Amino acid sequence: AQYQRYEKMGAKILKYPVEKDKTDGELALQYCRERGFDNIIIIGFAGGRLDQQLANIFLLEYAFRNGITAFIKEPGLEMGIIEREKVFFQKIGAGLSLISLDEKVTGVTITGCKYLLKAGSLLRYKTRGISNIIEQEKAVITVEKGLLLYILNNDMSSFSAIR
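Count the sequence shown with our numbering and you get residues 1 to 163, in order.
Listed below in structure tokens is the structure:
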């Protein structure tokens, strides 16, 4: 029923076999890459099974490595990749978590947030970048080497313990 609604709005619906070697998300990104799209907003990726959620989050890296800027957006939630710099404007009070996609991300600087960092390192197997709060009109994350996943959470009910 949901597909029919989108078809009526002019969306192209691609159908694949249930049994396949790639997820629907990867096939969608591959489709976009083959057609030269370089900026994509992904919706409907954050729910469902945990394995599917993790695979979908890592598809942000697939997009990045294929020259595509991609973001996952859901109500109150945004996820994306930071390679060099990401600036957040007018997000005061939003929760911000940073997760290393490489074993070690170095030269990480965080400004405009509750917990600041200057040229520090974030490790994939440690939780140092989790549960920060944006406190200024402009928050900036810079990275010298490595890739970070950022999770911007505008629904602060899950962050209430750190306020």
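Positions of the beta carbon are idealized from the N, C-alpha and C atoms, including for glycine. If you're wondering where the values come from, they're calculated on a predicted model, not measured in any experiment.
- Taken through DSSP and simplified to helix, strand or coil, E135 comes out as coil.
- E137 and I13 have their alpha carbons spaced roughly 40 Å apart.
- Secondary structure at L116: coil, using DSSP grouped into helix, strand and coil.
- By the beta-carbon neighbour count (other beta carbons within 10 angstroms, threshold 16), I72 is buried.
- The DSSP-derived three-state label of I57 is helix.
- Exposed is the label assigned to F89, since fewer than 16 other Cβ atoms lie within 10 Å of its Cβ.
- Taken atom to atom, the span from the alpha-carbon of V87 to that of Y6 is near 33 Å.
- A residue is called buried once 16 or more other Cβ atoms fall within 10 Å of its Cβ, and Y31, having fewer, is exposed.
- With contact defined as three or more Cβ pairs closer than 8 Å, the segment 126 to 144 and the segment 51 to 69 are not in contact.
- Taken atom to atom, the span from the alpha-carbon of G107 to that of F58 is near 22 Å.
- Here L101 is actually not in contact with Y150; their C-beta atoms are around 11 Å apart, not less than 8 Å.
- Following the DSSP letters along the chain, one finds Y150 in no alpha helix (DSSP H) but inside the beta strand (DSSP E) bounded by residues 148 to 153.
- In this structure L123 is in contact with E103, their Cβ atoms being roughly 7 Å apart against a cut-off of 8 Å.
- I82 sits away from F37, with the two beta carbons spaced by 8 Å or more.
- If you look at A28, you'll find it isn't in any beta strand (DSSP E); it sits in the alpha helix (DSSP H) that goes 24 to 34.
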